[in-house]
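The structure appears below as C-alpha cells.
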Amino acid sequence: MAHMVVQLMGFFLGFLGLIGTVVATVMPHWRSTAYVGSNIITSTSYMKGLWMECVSHSTGIYQCEVHRSLLALPQDLQAARALMVLSCVTAALASLVSAVGMKCTRCARGSPAKNALAVTGGVSFISAGILCLVTVSWTAGDVIRDFHSTLLPVGMKYEVGFAVYVGFASSLLPPPNQPDVHGLATEKGLKARQ
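See the structure below:
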C-alpha cells in the first residue's frame with residue numbers, strides 16, 4: 016500500500032511538472048523590461064518569449080507578435096525552444112510510461128516489465144526536469160549577464176520574466192529517484208517492514 020501511495024505522489028508531482036513545463040514554454044514572459052535609471056517611469060512594457068514578443072501599454076492594450084522566421088532567431092533562442100519542447104515531450108511520454116508501470120493500474124499486471132516501466136517513467140520525469148532546468152538556468156544567466164553589461168544602454172536591459180520562475184518550479188517538481196518505490200527494495204528493507 017505504501018508503494019502505491021508513493022508512486023501516486025511521484026506521478027502527481029511529475030504530472031504537475033509537465034503542466035508547469037508546458038505553461039513556461041508557451042508564456043511570452045521569459046524576459047521583461049527592466050525599470051532602472053531614467054526608464055523607471057514608462058508607459059510601455061516589453062516581454063520576450065520563446066515564440067513571441069509582446070508589448071503592454073499603460074492604456075491596457077496588449078499586443079503580441081509571433082516570431083515568423085526560424086532562421087532569423089538567435090541561436091540561444093533556437094536552442095531554448097528545442098530543449099523546452101524536448102522537455103515537454105519527454106515529460107508527456109514519462110506520464111504515459113509511469114501510468115502503465117504503477118502498481119495501482121491494471122496495465123501489464125503480473126508482467127515482470129511493470130517495475131521496469133515504473134523506473135523508466137521516473138527516470139524520464141527526472142530527465143525532463145533536467146532539460147527544463149538547463150534551459151531556464153541558461154536563460155536566467157544570459158539575462159543577468161546582459162543586465163549587468165555596461166555595453167547595453169539602460170533602455171535595452173531586461174529582467175528575468177515570470178516564465179523562467181515557472182520553469183524553475185516545474186523542473187524541481189519531479190521527485191528524486193527512489194529505488195525502493197519502484198520495486199527494487201533491498202532484502203533488509205523488506206524484513207524491516209514485516
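The letter at position 132 of the sequence shown is residue 147 when you use my numbering, and the numbering goes up by one with no holes.
The C-beta atom is built at its ideal place from N, Cα and C for all residues, glycine as well.
Asked, Found
"Bridge partner(s) assigned by DSSP for Arg46", "Lys63, Val175"
"DSSP three-state assignment for Ser71, whether helix, strand or coil", "strand"
"Buried/exposed call for Gly75, threshold 16 Cβ in 10 Å", "exposed"
"Endpoints, beta strand (DSSP E) assigned at Cys79", "77–81"
"Lys129 in three-state terms, based on DSSP", "helix"
"Three-way DSSP call (helix, strand, coil) for Arg121 in this model", "coil"
"C-beta contact flag for Lys172 and Ala49 at 8 angstroms", "yes"
"Nearest neighbour of Thr135, chosen from Leu86, Thr105, Arg160, Gly125 [CA to CA]", "Thr105"
"Which of helix, strand or coil DSSP assigns to Thr154", "helix"
"8 angstroms contact criterion, which Gly182 and Thr36 should meet: CB distance rounded", "7 angstroms"
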